[in-house]
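J.: Each protein sequence line maps, in turn, to chains F and S. Quick note, the first sequence lines up with residues 1 to 248 if you use this note's numbering. Quick note, the second sequence lines up with residues 1001 to 1248 if you use this note's numbering.
There are 2 protein chains.
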Amino acid sequence: MEHAPWSQKGHPFAAYWNLGCAEANAAFAHLIKQLLRETRGRCVLQLAGDPSAYVFLPVEGWLMTAKVDPDGARQIVDFALPGDVLDPASASMAYAAADVVTLGRGRLAMIPREGWQRYLVAHPSAAGLFARQSAARYARMAERMLRLGKSSGETRIAYAICELFLRANPFGLVTHTPFHLPVTQQVLGEFVGLSSVHVNRTIRAMARAGVLTYRGQLDVVIHDLPTLAAMAQIDPTELQATIIPSPG
Amino acid sequence: MEHAPWSQKGHPFAAYWNLGCAEANAAFAHLIKQLLRETRGRCVLQLAGDPSAYVFLPVEGWLMTAKVDPDGARQIVDFALPGDVLDPASASMAYAAADVVTLGRGRLAMIPREGWQRYLVAHPSAAGLFARQSAARYARMAERMLRLGKSSGETRIAYAICELFLRANPFGLVTHTPFHLPVTQQVLGEFVGLSSVHVNRTIRAMARAGVLTYRGQLDVVIHDLPTLAAMAQIDPTELQATIIPSPG
DNA sequence: CAGACGCGTTAACTTGGGTTATTGGTCGCG
DNA sequence: CGCGACCAATAACCCAAGTTAACGCGTCTG
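1) Work out the CA separation of Glu-1023 (chain S) and Glu-190 (chain F) for me, nearest whole Å.
2) Quick check: the region 87-106 of chain F against the region 42-51 of chain F, are at least 3 beta-carbon pairs closer than 8 Å?
3) Can you find a CB in chain F that lies within less than 8 Å of the CB of Met-1064 (chain S)?
4) Would you kindly check if the distance between the Cβ of Ala-1168 (chain S) and the Cβ of Ala-1232 (chain S) is under 8 Å?
5) So, helix, strand or coil for Arg-40 (chain F), using DSSP?
6) Determine the burial state of Glu-1114 (chain S): buried for a count of at least 16 other Cβ atoms within 10 Å of its Cβ, exposed for fewer.
7) Counting only C-beta atoms, is Ser-1152 (chain S) closer than 8 Å to chain F at any point?
8) Along the chain, which unbroken stretches of the beta strand (DSSP E) at least 3 residues long are found entirely within the region 1197-1224 of chain S?
9) By a C-beta neighbour count over all protein chains shown, 10 Å radius and 16 as the cutoff for buried, is Pro-221 (chain F) buried or exposed?
10) Please report the residue range of the alpha helix (DSSP H) in which Gln-185 (chain F) lies.
11) When burial is assigned at 16 or more other CB atoms within 10 Å of the CB, is Glu-163 (chain F) buried or exposed?
12) Taking the alpha carbon of Ala-126 (chain F) as the point to measure from, which residue in F:Trp-62, F:Ala-26, F:Ile-161 has its own alpha carbon closest?
13) Might you give, ordered along the chain, the residues of its own chain that have their beta carbon closer than 6 Å to the beta carbon of Ala-1109 (chain S), omitting 5 neighbours on each side?
14) For Pro-1070 (chain S), count the other beta carbons within 10 Å of its own beta carbon; 16 or more makes it buried, fewer makes it exposed. Which is it?
15) Which residue wins for smallest C-alpha separation from Ser-92 (chain F), given the options F:Ser-52, F:Val-211, F:Ala-122, F:Arg-40?
16) Mind checking whether Arg-1137 (chain S) and Leu-1148 (chain S) have CB atoms under 8 Å apart?
17) Just curious, the alpha helix (DSSP H) that Thr-242 (chain F) is in, first and last residue?
18) Do Ser-246 (chain F) and Arg-132 (chain F) come within 8 Å of each other at the CB atom, strictly closer than that value?
19) Could you check which residue in F:Trp-17, F:Tyr-119, F:Gly-61, F:Val-55 has the C-alpha nearest to that of Arg-42 (chain F)?
20) Using Cβ-Cβ distances below 7 Å, what residues of the region 111-133 of chain F are close to chain S?
21) Thinking C-beta only, is Asp-224 (chain F) closer than 8 Å to His-180 (chain F)?
22) When DSSP labels each residue in this structure, what does Phe-1013 (chain S) get in the three-state scheme?
23) Helix or strand or just coil, what does DSSP make of Gly-72 (chain F)?
24) Please look up how many angstroms separate the CB atoms of Leu-1120 (chain S) and Leu-1239 (chain S), rounded, as I've assumed it's under 8 Å.
25) Quick one: does Ser-7 (chain F) have its CB under 8 Å from some CB of chain S?
26) With a threshold of 8 Å between beta carbons, is Leu-188 (chain F) in contact with chain S?
27) Given a limit of 8 Å on CB to CB distance, which residues of the region 89-101 of chain F reach chain S?
28) Any Cβ of chain F within less than 8 Å of the Cβ of Glu-1163 (chain S)?
29) Over the uninterrupted alpha helix (DSSP H) stretch that includes Met-141 (chain F), give me the two end residues.
30) Should Arg-40 (chain F) be labelled buried (16 or more other beta-carbon atoms within 10 Å of its own) or exposed?
31) Thinking C-alpha only, which one of S:Thr-1242, S:Ala-1241, S:Ile-1161, S:Ser-1196 is nearest Thr-1213 (chain S)?
32) Is the CB-CB distance between Gly-106 (chain F) and Trp-17 (chain F) below 8 Å?
33) DSSP three-state call for Gln-1046 (chain S): helix, strand or coil?
34) State the Cα-Cα distance for the pair Pro-236 (chain F) and Met-1064 (chain S), rounded to the nearest angstrom.
35) Can you name the start and end residues of the alpha helix (DSSP H) that Ala-109 (chain F) belongs to?
36) Thinking just about the alpha-carbon of each residue, which of S:Ser-1152, S:Ala-1089, S:Gly-1193, S:Ile-1111 is nearest to the one in Val-1059 (chain S)?
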């Protein structure tokens, strides 16, 4: 196949949006070609309540959608990993329901919503993939709401790590080898609804129990996936099937 | 306009799915005509993890999507009110991400997912409304995750009542008059992630403060919407615009 | 009609996790 | 190089919400 500008061997992004149809791939490449931009640091792309004209497609690095309450506390609603298409629209479609923020350095495409919708209508295989992504996002949010509402801090954190581990490694459950988790303990706390202090307490306890280790600031090694999965109250294979959209 | 079998004056359901196009309305009526069924009591229509072939459309009464954890604790993920279309699919599309359960007596249509998708492709105005509904659901879940992760019990309960009040009254913010809230305190607790005891404590306190009253078991009268909205940390008009899809 | 059940209500006691504060390490930058 | 910013780590204290238990009421049902 033609080597599209956004394609990269072994990269989740390329695997997701290779639709096995040269025409659709070309249309996709054309859609995002002009729109790639670099990001670094924490950078707000969209504010909740502001007019919303774009969908966001991270190519490298992660995005997050978040909401901030009047006291300044922030809740992360979902992460978008490379290949995910993130539409922050609220019920009115014209305004955003949540903030969109970058995490560290990366590249992303901002695609005008209308262009994106035309692309979906023209390419049913792309529409199918987007529908699977949307269903996956719903399943993830449901799963996380269960943890948020009913589970202990340990379970919430174990679940979050499992989810992000599965999403960051869509091709297999590789343990004993570091995977990159570009979130500080503060951010992890904003994701699971705990203070950063309690995140720290809990992760240290998990490390002491031999479940996982940090290699440097942002790389995690899972030593004992069965125990981690038990803490998270999930079955890894099953969770993968429900929250990871099958590509192409 | 022709009086379709599902149409009913002043009913939210009819307002949502009157697409202002006779052909689309007829196709819609045809789609659900054969599939209406009555429900009563708590009744499980779909189990998480089971094969999922239908989307659910309540016509009278509410549905809920929920997840149950290994200890038997339940978290309600979202409610579906008359006119909402509820697709419980997970990432794989073939299995359900959550349980679907009825609340009390009502009527609903179970539409095979494929038929529903064909209908959306054939009728862009319906697809547009469905997209707005999906965006509204996302906005609601984001808003609720913020409360679930970061807010006090009082705020969560006030928010839940505001959300359901707005959704149950899509045509205006009518206070001082009872509206029907077909959920017990137990269920409300499962919605906001609190024990039923704490839900009771909090609602009694709100009643003592003159914010709202119960008329009978399931009908609520809001006396002081500004205070309730302040407790919920929202602006009612703004919230309405972000979580209620505009009809037709 | 009597029993059982579900629901609302309240009280007494316990605990998980928030809050605040302090220390030390590491990175980026003037 | 030294400063400031950010982050991990840990301790001490406290409170919001969970848990358990008990009682009353309405309603379904055998």
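Even for Gly, the Cβ is constructed at its ideal location relative to N, Cα and C.
T.: Looking at the atomic coordinates:
1) For the purposes of this step, residue 190 (chain F) is identified with residue 190 of the first sequence, where counting begins at 1. For the purposes of this step, residue 1023 (chain S) is identified with residue 23 of the second sequence, where counting begins at 1. Roughly 48 Å separates the two Cα atoms.
2) yes
3) If you number the second sequence from 1, residue 1064 (chain S) lands on position 64. With 8 Å as the cut-off, Met-1064 (chain S) does not count as an interface residue toward chain F.
4) Counting from one through the second sequence, the residue named residue 1232 (chain S) turns up at place 232. Counting from one through the second sequence, the residue named residue 1168 (chain S) turns up at place 168. Taking 8 Å as the Cβ cut-off, Ala-1232 (chain S) and Ala-1168 (chain S) do not qualify as a contacting pair.
5) As a working mapping, residue 40 (chain F) is identified with position 40 in the first sequence. Coil.
6) For this step, residue 1114 (chain S) is matched to residue 114 along the second sequence. The residue in question, Glu-1114 (chain S), is exposed, as its Cβ has fewer than 16 Cβ neighbours within 10 Å.
7) Locating residue 1152 (chain S) in the second sequence gives position 152, where the first residue counts as 1. For Ser-1152 (chain S), the answer is no, since every Cβ of chain F falls outside 8 Å of its Cβ.
8) 1212-1215, 1219-1222
9) Sequence index remark: in the first sequence, residue 221 (chain F) carries index 221 (1-based). Per the sequence presented here, residue 221 (chain F) reads as Val, with Pro not at that position. It counts as exposed.
10) As a working mapping, residue 185 (chain F) is identified with position 185 in the first sequence. It spans 185-192 - the alpha helix (DSSP H) in which Gln-185 (chain F) sits, taken as one unbroken run.
11) Sequence index remark: in the first sequence, residue 163 (chain F) carries index 163 (1-based). The residue is buried, with at least 16 neighbouring Cβ atoms inside 10 Å.
12) In the first sequence, counting from the first residue as 1, residue 126 (chain F) sits at position 126. Nearest option by C-alpha distance: F:Ala-26.
13) Position 109 of the second sequence, counting from 1, holds the residue named residue 1109 (chain S). Ile-1032, Leu-1035, Leu-1036, Leu-1057.
14) Within the second sequence, residue 1070 (chain S) is the residue found at index 70, counting from 1. Classification for Pro-1070 (chain S): exposed.
15) If you number the first sequence from 1, residue 92 (chain F) lands on position 92. Ranking F:Ser-52, F:Val-211, F:Ala-122, F:Arg-40 by Cα distance to Ser-92 (chain F) puts F:Ser-52 first.
16) Taking the second sequence and counting its residues from 1, the one referred to as residue 1137 (chain S) is at position 137. Taking the second sequence and counting its residues from 1, the one referred to as residue 1148 (chain S) is at position 148. Against a cut-off of 8 Å, the Cβ pair of Leu-1148 (chain S) and Arg-1137 (chain S) comes out as no contact.
17) Position 242 of the first sequence, counting from 1, holds the residue named residue 242 (chain F). Here the alpha helix (DSSP H) through Thr-242 (chain F) covers 236-243.
18) Residue 132 (chain F) sits at position 132 when you count from the first residue of the first sequence. Residue 246 (chain F) sits at position 246 when you count from the first residue of the first sequence. Going by C-beta atoms, Arg-132 (chain F) is nearer than 8 Å to Ser-246 (chain F).
19) On the first sequence, position 42 is the one that residue 42 (chain F) refers to. Selected option, being the one with the closest Cα: F:Gly-61.
20) Arg-132
21) Looking up residue 180 (chain F) in the first sequence gives position 180. Looking up residue 224 (chain F) in the first sequence gives position 224. No; because the gap between Cβ atoms is not below 8 Å, this pair is not in contact.
22) Here residue 1013 (chain S) corresponds to residue number 13 of the second sequence, with the count starting at 1. It is helical.
23) Position 72 of the first sequence, counting from 1, holds the residue named residue 72 (chain F). Of the three classes helix, strand and coil, the one that applies to Gly-72 (chain F) here is coil, per DSSP.
24) Along the second sequence, one-based indexing puts residue 1120 (chain S) at 120. Along the second sequence, one-based indexing puts residue 1239 (chain S) at 239. Going by Cβ atoms, the distance from Leu-1120 (chain S) to Leu-1239 (chain S) rounds to 27 Å, so no, they are not a contact pair.
25) For the purposes of this step, residue 7 (chain F) is identified with residue 7 of the first sequence, where counting begins at 1. With a pLDDT of 49 at Ser-7 (chain F), under the threshold of 50, the predicted position of this residue should be treated as unreliable, though the coordinate-derived value follows. No, Ser-7 (chain F) lies away from the interface with chain S (no Cβ there is under 8 Å from its Cβ).
26) Translated into the one-based positions of the first sequence, residue 188 (chain F) becomes position 188. Answer no: the Cβ-Cβ gap between Leu-188 (chain F) and chain S never drops below 8 Å.
27) Ala-89, Ser-90, Ala-91, Ser-92, Met-93, Tyr-95, Ala-97, Ala-98
28) One-based indexing of the second sequence puts residue 1163 (chain S) at position 163. False, the Cβ-Cβ gap to chain F never drops below 8 Å.
29) Along the first sequence, read from residue 1 onward, the residue named residue 141 (chain F) stands at position 141. Met-141 (chain F) -> alpha helix (DSSP H) spans 124-150.
30) On the first sequence, position 40 is the one that residue 40 (chain F) refers to. Label assigned to Arg-40 (chain F): exposed.
31) To locate residue 1213 (chain S), count along the second sequence from 1; it is residue 213. The candidate whose alpha carbon is nearest that of Thr-1213 (chain S) is S:Ile-1161.
32) Position 106 of the first sequence, counting from 1, holds the residue named residue 106 (chain F). Position 17 of the first sequence, counting from 1, holds the residue named residue 17 (chain F). Not in contact: Gly-106 (chain F) and Trp-17 (chain F) (Cβ atoms no closer than 8 Å).
33) Locating residue 1046 (chain S) in the second sequence gives position 46, counting from the first residue. Three-state result, Gln-1046 (chain S): strand.
34) On the first sequence, residue 236 (chain F) is found 236 positions in, with the first residue counted as 1. On the second sequence, residue 1064 (chain S) is found 64 positions in, with the first residue counted as 1. Using only the alpha carbons, I get a separation of about 26 Å.
35) Counting from one through the first sequence, the residue named residue 109 (chain F) turns up at place 109. Looking at the DSSP string, Ala-109 (chain F) is not in any alpha helix (DSSP H); the run it does join, the beta strand (DSSP E), is 99-112.
36) By one-based count along the second sequence, residue 1059 (chain S) stands at place 59. Comparing Cα-Cα distances from Val-1059 (chain S) to each of S:Ser-1152, S:Ala-1089, S:Gly-1193, S:Ile-1111, the minimum goes to S:Ile-1111.
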